[in-house]
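Student:
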Amino acid sequence: MLQQITWTQYITALVILLVIYYLFYFIRFYRKRYVKFLDILDKEDTDEDHDNKIIKEKKDAEDLLGQLELLVNRIRTGILEKAGTEATKSEILSGVTQEVASFGGLGQPAYQHALNNYIIEHALKICGVEITEEELERTWNDLPRYR
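In the working numbering, the protein residues as written are 86 to 232.
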């Protein structure tokens with residue numbers, strides 16, 4: 086009977102049995118380590134997603150900061166300096182409202198606070214008109230997209 090089994094069949098059967106044995110051994114003794122390893126790999130993927138999200142948020146913040154710079158330059162040259170000392174509070178607020186309407190960072194408190202401070206300071210310095218923060222808040226709340 087042993088003469089009918091070839092060496093190839095014998096080695097194939099031996100390899101199959103060894104694979105089954107080591108699979109059982111691995112599952113029995115290393116399953117928890119393997120699951121932890123898979124969790125670590127999955128967490129690294131999540132960390133990469135988190136890093137990409139942070140990079141996107143930084144880029145968005147830089148874009149808004151650039152928009153804010155352009156906006157305050159337009160307000161200074163186009164509204165405050167053009168109006169001069171003869172401007173009234175309502176003229177300044179209406180001009181500022183037209184400029185600010187397209188600014189996307191108005192809904193974020195940091196950008197809104199910076200813009201308010203800039204307008205209050207420069208309206209007083211350039212035009213001699215005192216504008217309060219409450220008046221600017223009312224102006225921003227009256228914008229259709231800000232509500």
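Beta carbons: idealized from backbone N, C-alpha and C, even for Gly.
Have a look at A172 and I160 and give me their C-alpha separation to the nearest angstrom.
Tutor: In the sequence shown, counting from the first residue as 1, residue 172 sits at position 87. In the sequence shown, counting from the first residue as 1, residue 160 sits at position 75. About 14 Å.
Student: Relative to the C-alpha of Q183, which residue among L102, L123, Y115, W225 is closest?
Tutor: Residue 183 sits at position 98 when you count from the first residue of the sequence shown. Out of L102, L123, Y115, W225, W225 has the C-alpha closest to the C-alpha of Q183.
Student: Cutting at 7 Å between CB atoms, please list the residues of its own chain near S175, excluding the five before and the five after it.
Tutor: As a working mapping, residue 175 is identified with position 90 in the sequence shown. For S175, where only same-chain residues beyond five positions count, there are no Cβ hits under 7 Å.
Student: Let me confirm a value: Y196 is counted as buried when at least 16 other C-beta atoms fall within 10 Å, else exposed. Which label applies?
Tutor: On the sequence shown, position 111 is the one that residue 196 refers to. Its Cβ being crowded by 16 or more others within 10 Å, Y196 is buried.
Student: Quick one: grab the DSSP three-state call for S187.
Tutor: Within the sequence shown, residue 187 is the residue found at index 102, counting from 1. Three-state DSSP puts S187 in coil, outside helix and strand.
Student: Measure the alpha-carbon distance for G151 versus D124 and round it to whole angstroms.
Tutor: For this step, residue 151 is matched to residue 66 along the sequence shown. For this step, residue 124 is matched to residue 39 along the sequence shown. If you draw a straight line from the Cα of G151 to the Cα of D124, it comes to about 41 Å.
Student: Decide if G169 is buried, meaning its Cβ has at least 16 other Cβ atoms within 10 Å, or exposed.
Tutor: Position 84 of the sequence shown, counting from 1, holds the residue named residue 169. With fewer than 16 other beta carbons inside 10 angstroms of its own, G169 counts as exposed.
Student: Which full runs of the alpha helix (DSSP H) of 4+ residues lie inside the stretch 87–134, going along the chain?
Tutor: The alpha helix (DSSP H) runs of length 4 or more contained entirely in the stretch 87–134 do not exist; there are none.
Student: Would you mind reading off the limits of the alpha helix (DSSP H) that contains L200?
Tutor: Working through the sequence shown from its first residue, we reach residue 200 at position 115. Its alpha helix (DSSP H) spans residues 194–207.
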